[in-house]
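>
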Ligand SMILES: Nc1ncnc2c1ncn2[C@@H]1O[C@H](COP(=O)(O)OP(=O)(O)OP(=O)(O)O)[C@@H](O)[C@H]1O
Ligand SMILES: Nc1ncnc2c1ncn2[C@@H]1O[C@H](COP(=O)(O)OP(=O)(O)OP(=O)(O)O)[C@@H](O)[C@H]1O
Ligand SMILES: [Mg+2]
Ligand SMILES: [Mg+2]
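Residue numbers (my numbering), protein chains in the order written: chain A, 2 to 377; chain B, 8 to 338; chain C, 61 to 605; chain D, 2 to 350.
(1) Would you check if the distance between the CB atom of residue 114 of chain D and the CB atom of residue 270 of chain D is smaller than 8 Å?
(2) Decide if residue 90 of chain D is buried, meaning its Cβ has at least 16 other Cβ atoms within 10 Å, or exposed.
(3) With C-beta atoms as the reference, is residue 161 of chain C less than 8 Å away from residue 201 of chain C?
(4) State yes or no: is the beta carbon of residue 260 of chain D nearer than 8 Å to at least one beta carbon in chain A?
(5) In its own chain, which residues sit with a C-beta less than 7 Å from the C-beta of residue 198 of chain A, not counting the 5 before and 5 after it?
(6) Using 8 Å as the limit for Cβ to Cβ distance, is residue 360 of chain A near chain B?
(7) Compare the Cα-Cα distances from residue 152 of chain D to each of A:341, A:360, A:73 and report the closest residue.
(8) Could you tell me the distance, in whole angstroms, from the CA atom of residue 149 of chain D to the CA atom of residue 121 of chain B?
(9) Does the beta carbon of residue 53 of chain A sit closer than 8 Å to a beta carbon anywhere in chain B?
(10) Could you tell me the alpha carbon to alpha carbon distance between residue 273 of chain B and residue 263 of chain B, rounded to whole angstroms?
(11) Please identify, using Cβ separations under 7 Å, the residues of the region 181 to 197 of chain B that lie next to chain D, in order along the chain.
(12) Would you say residue 204 of chain B faces chain D, with C-beta separation under 8 Å as the test?
(13) Report the start-end ranges of each beta strand (DSSP E) in the region 365 to 443 of chain C that is 3 residues or longer and not cut off at the edges.
(14) For residue 93 of chain C, tell me which candidate among C:524, C:512, C:127 has the shortest Cα-Cα distance.
(15) Taking DSSP as the reference, what is the three-state secondary structure of residue 269 of chain B?
(16) Starting from residue 94 of chain A and walking both ways along the alpha helix (DSSP H), at which residues does that stretch end?
(17) On the premise that residue 209 of chain B lies in contact with residue 258 of chain B, defined as a C-beta separation below 8 Å, what is that separation, rounded to the nearest angstrom?
(18) Can you have a look at residue 281 of chain B and say buried or exposed, based on whether 16 or more other CB atoms are within 10 angstroms of its CB?
(19) Taking the alpha-carbon of residue 75 of chain D as reference, which of A:242, A:201, A:355 has the nearest alpha-carbon?
(20) Using a beta-carbon distance below 8 Å, is residue 165 of chain D in contact with chain B?
(21) Run through DSSP, which three-state label would residue 163 of chain A get?
(22) According to DSSP, residue 72 of chain C sits in a beta bridge with which residue or residues?
(23) Roughly how many angstroms separate the alpha carbons of residue 90 of chain A and residue 315 of chain A, rounded to a whole number?
(24) Taking residue 85 of chain C and residue 75 of chain C to be in contact with their CB atoms under 8 Å, please state how far apart those CB atoms are, rounded to whole angstroms.
(25) Say whether chain D places a C-beta atom closer than 8 Å to the C-beta of residue 183 of chain A.
(26) Straight-line CA distance for residue 234 of chain A to residue 27 of chain B?
(27) Give the residues of chain A in contact with residue 286 of chain B, contact being defined as C-beta atoms less than 8 Å apart.
(28) Residue 194 of chain B and residue 264 of chain D: beta carbons closer than 8 Å?
(29) Measuring only between beta-carbons, confirm whether residue 127 of chain B sits less than 8 Å from chain D.
(30) Is any non-hydrogen atom of ligand 6 found closer than 7 Å to the C-beta of residue 100 of chain C, if you look at the structure I gave you?
(31) Taking a contact to mean a Cβ-Cβ separation below 8 Å, would you say residue 309 of chain D touches residue 182 of chain B in this structure?
(32) So, does the region 198 to 215 of chain A touch the region 62 to 81 of chain A, judging by three or more C-beta pairs under 8 Å?
(33) Should the region 141 to 156 of chain B be regarded as contacting the region 100 to 119 of chain B, the criterion being three or more beta carbon pairs within less than 8 Å?
(34) Which two residues bound the contiguous alpha helix (DSSP H) that contains residue 55 of chain D?
(35) Just tell me which of C:458, C:420, C:426 has its CA closest to the CA of residue 444 of chain C.
(36) Indicate whether residue 30 of chain B and residue 194 of chain D have their beta-carbon atoms separated by less than 8 Å.
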């Protein structure tokens, strides 16, 4: 990196300029269009089912940002979606379809909790010990998530096993094995529920700014920091260029000296590391112990939608996560205050993804309606 | 209590499902049924919250408590315990009802422990009794010469293992010589998998299969119909709830959850919380807390040995002569 | 040719535009019956477009098509086929895992009781083959992917004939053939003409055109410049018509003498992906100030040899040295950094990332090389400067660093790649088919640059299927056959015919025997087709859209 | 089989070896641990394997047609869910429960799946949607809307007990040992599946439509220049894949008799297994069906083990098929995928 600030600045400007070319507007347009259209369809379904769509729309808003509680809840989901979304984006960008973020976050989460529980007896109580354990837990999660994702990476790179299928299978396997362990060997005798031991006092992220015990602004900060690191890494480093180029055109990347197999494994590992972090944040910030993973939200799957909505751009993942966080958050409110079956929200999310997959549709629509000018 | 939130006609109560969700025709629906009955009776409004992610249980409890408009919040399933242990303190003025567990020292919680082990024990007694009898109904029949019964579980987890173990102990209490075939479908939603488990057991000689698989249990009933054998229901009288299969449901091992939710709601409405506060039990010892009921198409058709054995088993249990290995939620 | 019969095809004022690009601008074209008519023109001059219009793939914006004197309009190739027009595309339109028979009948399957009647099809194809002396019927049950390129092309021709084509269009049919196969093809064309068919063929190779065609139409920038009789014109004249200026075919004088060896291999052997030995015991030496040409029919191990030199493949035996240092196990990246540049065989798939702009493409291969990268951090401004330099020096059009690589024409893409690869002072350049599909103007430019680089001291390995290119550039030519260097020849002393024989595995003394051989057995004496080449073509982006 | 390439022959040989090894290992285990084989490998087990395999085989045959023609329909799981919920809703709405109504429900399910797939196909083919993403979206939509619909219809995410498909029984013939029970005392849907598989094989390898399907996936331009509309072929195969997945879901429901929408729904991953099945079967309908049979057999075998009380942790054993899929993909990973899968085709004008 150049240490002349002027040059650095100039270079950054150029990067920004390239990122923000017309196609970025187009992508934003597509994202907004997809979401809008999907919500519209959702509202039509609500109306067709005999409920008041306006009321439903209002409840979506109130349930996500209508009160401090709702807003904190939205941010809590957003934090998880950002991390999981970045995990997906890293892989998709590099042309590797990691559908296994859910399994990797489960493995990361349990590794986090176990490492903390194992080490806790050797660490002094108190804030310093707690912080140390927290760091250990995050580290363990990153390592475990990375390793668990490296496996399908290796299978793809060296054995040609389709990663879409293997990662889906590994999701089932992670959830099954961890579920079995949490219900059996890892379950303390006095536990009423299916869970591990509680994390020791002092482990966790302090509740600053918001009083919600299950949300810490530090968690959100961590997620945003990961976004920053990944975004810079992708655009400003050789490794990032190798990865992204492999995603665009593997043959050209290979010819330019990129080792395709190693890149696939590295990509999966990196993606899994971030996914592992999701599990750690879930365990440390929200749960305080680990539960049967079949009871954990499907952040890893929803993250696919998040990432796609963001066109697999790590920075774009942030607004997309806010949207998904809000939708997820409003689910609770809708449940309580509306008769509309809450599964509708999952369906709407699916439609968003479907539309995001078909940018051409929106180009066509834009052309028909004369919006968005002459693109393409 | 609750007079100040006068909106929307009558007072409000809420219920949060277990991770199996409503629509299981068993556990959750049974609890809901009692609540709705009470709601009719006392002009209440019931808010159903279906939450299938256990990780979100605590948050749902908080959402409802924070809202402040619910006179009673009912939670189905012991997985709610962790969250409630905290929230019963944070919201001391909120009345809570927990099904399947109780919170020590929290007198705003009415904690109902349902003795699943006792219920399973009775199911075992019934199955072992009936397999040796000659029963014919529509196309189905038992094979009285062979004494084999089946157990078909949903997920292979500690909770259901306790059902299995207690069922076997019930069978053995009647007759050591009765074989019990067991199997798990691996899911509470995959009825086809449970169908396969039950059919495999019917093939291997079982003439009665009892399921503990929530919604997927329908697969066991369908299997009984296809194989001209019998099945038994769980939690509530499933010959009523699942009347499509009434012709093969000999009976159901039940727990009076609906009674319990009704009773607690009534206590709230009549300002008599103390009567339900703290640990409550749904057990054989309580009047009709745990029981075995004959299926609606089989009333009066089953041999007297069934009622005799069930009554005898209950008495033996109350007298402390039966020692079950497993507790209500695990071994 | 009967004087009063209408021409087989007459195109009148055909205009076809793509957005702002006028691919064909009021083109007139007349194909006489029973004649061979060549279409000549630079890349992008509109040849393929014109033929696609005739074949019903494109609809013209203006103009009319007459077939046998009747005005026709074709909405689809099916219409064109019904009118007796067949087209053999530059990139074969064959379904590789399907058999030859299935490929030939595709879209015109004889049906018996709802099922495809393969027996009926077989009879008909055999009859066709016997009539023209094709060997295709020997392979009817063979999947196309197991055939060599020459046979595939004959399958394409049989396919058209099977569909009843009277007029055959062949788009750059000779691009992938050996000289002997080219000769065979041209003979076949004459036979087809003799049987009453009319043929159009497109080529960039002036000699071929002059040898085979009755008439030649030259296109430039979408205009038909002129139509001339082959007998009345010359290479020089044709080139001038194509490019619009004089083109030199002179070989510039060599100044520097070869220096120290820079790249050497020692008994290099490679077992290919299918377990066959692809390269056997090759000793190769390239010196500074030297261009070493490698001639050979595609699929004789060149691809594997190139990979071993560039660092994309570890040889099974033998060693590779760079300036005396062993680099056998060194991967592509370090070799790049050590000064081995390479122009890829397949520019669409390997040379450029089609979706990237030219700036991002300028980094390709340089992503660990200072000044573009320092300790893993990229310096985009340096890359951008580099891109601008390449564009300027190599006259890349459009001169816009933010243009998407995929939007450039083939020649411009190639110039950009050459510029990038020699941009950071390599010691060695492995140039694989550096002018494949490139028009005469760009070709001249690239040739000049390669010669300049040789003067500057580079050691260049030039792999090409074009003999004239090898003869124009190389200081020495080695001929590769079945994985081995079977001979080394002097580019000036050796004739095309001699080189061609060597490439077919015949040592020069065997020539006499060879002369009596039957042409139709040519395909069988060929080595097995190269598995990788097949894969590359499939995955590559250069498929005709 | 003129289309059996060297690679698939090699794979067959490898598969044969693996099978032999498995049989040998099983034999050792049986002798060593005194396994009651006659209680495990029963006729009923074979029968149930066929039942378990049918929905998977149907979806797999559909999926392989789409992929053969160049469109990766990764939405099979979603369409199976739609098939199941539609069949359940139909049965529930008509309210009657004769076998005829079950057939009606299946037909309606296929019809609705066709309509839904039509929209999906337009997105994929006309609007060139990313096939992987769109397919995942179908799964998400299925997971959301099926329970939603169930809630609207029945107040809960689960249907009440509905009519199910009965086995037919051919008098006398069904008394024959083994064959009698498998062929003549069988669910008609198993027979239907068998018919679909065989028909799919014949059409793919013996008719012109089959040639077109193969060409559309390998080299669409070749097909186009032969005068066949590539996208029409692809529309047809995608529609077929959706219909078959829907049929698979309906068959599942017709056997199970209840729709359940909690968790992963009653379809429970079968659509994913279907994809693996046709990959494993190397895009050959019969191969895919055999692979489906293998997965069905694995699932059934695990239940048999439990029934005869061979100690296995059900929860861990339940993961075996997933591990099996990974092993299969790793060992046989390099299936010959059609070259143009995932690339939208645009004919020049
Ligand atoms: N599908 C298309 N879309 C847009 N423009 C096109 C398309 N096909 C061709 N063109 C334009 O038409 C011009 C003529 O292209 P064409 O392919 O006919 O050239 P050609 O003479 O066959 O070139 P070559 O010798 O390289 O094969 C091109 O320069 C290009 O700009
Ligand atoms: N589908 C297309 N869309 C837009 N432009 C196209 C398309 N196809 C071709 N072109 C344009 O056509 C021009 C040349 O195309 P063409 O394929 O004829 O290149 P070429 O010079 O023949 O290269 P090659 O020899 O590698 O095929 C390019 O400038 C490109 O912009
Ligand atoms: Mg052309
Ligand atoms: Mg060209």
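Each residue gets a CB set at the ideal place from its N, CA and C atoms; glycine is no exception. If you're wondering where the values come from, they're calculated on a predicted model, not measured in any experiment.
Taking the coordinates as given:
(1) On the fourth chain, position 113 is the one that residue 114 of chain D refers to. On the fourth chain, position 269 is the one that residue 270 of chain D refers to. No; because the gap between Cβ atoms is not below 8 Å, this pair is not in contact.
(2) Numbered from its first residue, the fourth chain carries residue 90 of chain D at position 89. When all chains shown are included, residue 90 of chain D counts as buried.
(3) Looking up residue 161 of chain C in the third chain gives position 101. Looking up residue 201 of chain C in the third chain gives position 141. Their beta carbons are under 8 Å apart, which means residue 161 of chain C touches residue 201 of chain C by this criterion.
(4) The residue given as residue 260 of chain D occupies position 259 in the fourth chain. Residue 260 of chain D does not count as touching chain A.
(5) For the purposes of this step, residue 198 of chain A is taken as the residue at position 197 of the first chain. 118, 189, 290.
(6) Looking up residue 360 of chain A in the first chain gives position 359. It does not; no Cβ of chain B falls within 8 Å.
(7) Position 151 of the fourth chain, counting from 1, holds the residue named residue 152 of chain D. For the residues A:341, A:360, A:73, the minimum Cα distance to residue 152 of chain D belongs to A:341.
(8) Within the fourth chain, numbered from 1, the residue matching residue 149 of chain D stands at position 148. Within the second chain, numbered from 1, the residue matching residue 121 of chain B stands at position 114. Approximately 31 Å between the Cα atoms of the pair.
(9) To locate residue 53 of chain A, count along the first chain from 1; it is residue 52. Cβ-Cβ to chain B under 8 Å: no for residue 53 of chain A.
(10) Along the second chain, read from residue 1 onward, the residue named residue 273 of chain B stands at position 266. Along the second chain, read from residue 1 onward, the residue named residue 263 of chain B stands at position 256. Looking at the two C-alpha atoms, the distance is approximately 15 Å.
(11) 188, 189, 190, 191, 193, 194, 195, 196, 197
(12) For the purposes of this step, residue 204 of chain B is identified with residue 197 of the second chain, where counting begins at 1. Yes, contact with chain D.
(13) 377 to 382, 400 to 403
(14) In the third chain, the residue the question calls residue 93 of chain C occupies position 33. It is C:127.
(15) Along the second chain, one-based indexing puts residue 269 of chain B at 262. Looking at residue 269 of chain B - three-state DSSP - the assignment turns out to be helix.
(16) As a working note, residue 94 of chain A is residue 93 in the first chain. It spans 69 to 94 - the alpha helix (DSSP H) in which residue 94 of chain A sits, taken as one unbroken run.
(17) Here residue 258 of chain B corresponds to residue number 251 of the second chain, with the count starting at 1. Here residue 209 of chain B corresponds to residue number 202 of the second chain, with the count starting at 1. Going by Cβ atoms, the distance from residue 258 of chain B to residue 209 of chain B rounds to 18 Å, so no, they are not a contact pair.
(18) Here the question's residue 281 of chain B lines up with position 274 in the second chain. Classification for residue 281 of chain B: exposed.
(19) Numbered from its first residue, the fourth chain carries residue 75 of chain D at position 74. The residue with the shortest Cα to Cα distance from residue 75 of chain D is A:355.
(20) Walking along the fourth chain from the start, residue 165 of chain D turns up at place 164. It does: the Cβ of residue 165 of chain D has a partner Cβ on chain B nearer than 8 Å.
(21) Position 162 of the first chain holds residue 163 of chain A. Residue state, collapsed to three classes: coil.
(22) Along the third chain, one-based indexing puts residue 72 of chain C at 12. For residue 72 of chain C, which the question treats as bridged, DSSP gives the partners C:124.
(23) On the first chain, position 89 is the one that residue 90 of chain A refers to. On the first chain, position 314 is the one that residue 315 of chain A refers to. Looking at the two C-alpha atoms, the distance is approximately 6 Å.
(24) Taking the third chain and counting its residues from 1, the one referred to as residue 85 of chain C is at position 25. Taking the third chain and counting its residues from 1, the one referred to as residue 75 of chain C is at position 15. Right, the Cβ-Cβ distance comes to about 6 Å (below 8 Å), so this counts as a contact.
(25) What you label residue 183 of chain A is simply residue 182 of the first chain in a count that begins at 1. No, residue 183 of chain A does not count as interfacial toward chain D.
(26) Position 233 of the first chain, counting from 1, holds the residue named residue 234 of chain A. Position 20 of the second chain, counting from 1, holds the residue named residue 27 of chain B. Rounded to the nearest angstrom, the two C-alpha atoms are 43 Å apart.
(27) Taking the second chain and counting its residues from 1, the one referred to as residue 286 of chain B is at position 279. Under the 8 Å cutoff, chain A gives no residues; its nearest Cβ is about 13 Å from residue 286 of chain B.
(28) By 1-based counting over the second chain, the position of residue 194 of chain B is 187. By 1-based counting over the fourth chain, the position of residue 264 of chain D is 263. In this structure, residue 264 of chain D lies closer than 8 Å to residue 194 of chain B by Cβ.
(29) If you number the second chain from 1, residue 127 of chain B lands on position 120. It does not: the Cβ of residue 127 of chain B has no partner Cβ on chain D nearer than 8 Å.
(30) Ligand 6 is not among the ligands present in this structure, which contains only ligand 1, ligand 2, ligand 3 and ligand 4.
(31) In the fourth chain, counting from the first residue as 1, residue 309 of chain D sits at position 308. In the second chain, counting from the first residue as 1, residue 182 of chain B sits at position 175. No. Outside cutoff.
(32) yes
(33) no
(34) Translated into the one-based positions of the fourth chain, residue 55 of chain D becomes position 54. 44 to 69 is the span of the alpha helix (DSSP H), which, as asked, contains residue 55 of chain D.
(35) Locating residue 444 of chain C in the third chain gives position 384, counting from the first residue. Selected option, being the one with the closest Cα: C:420.
(36) Walking along the second chain from the start, residue 30 of chain B turns up at place 23. Walking along the fourth chain from the start, residue 194 of chain D turns up at place 193. It is not a contact, given that the beta carbons lie outside the stated cut-off.
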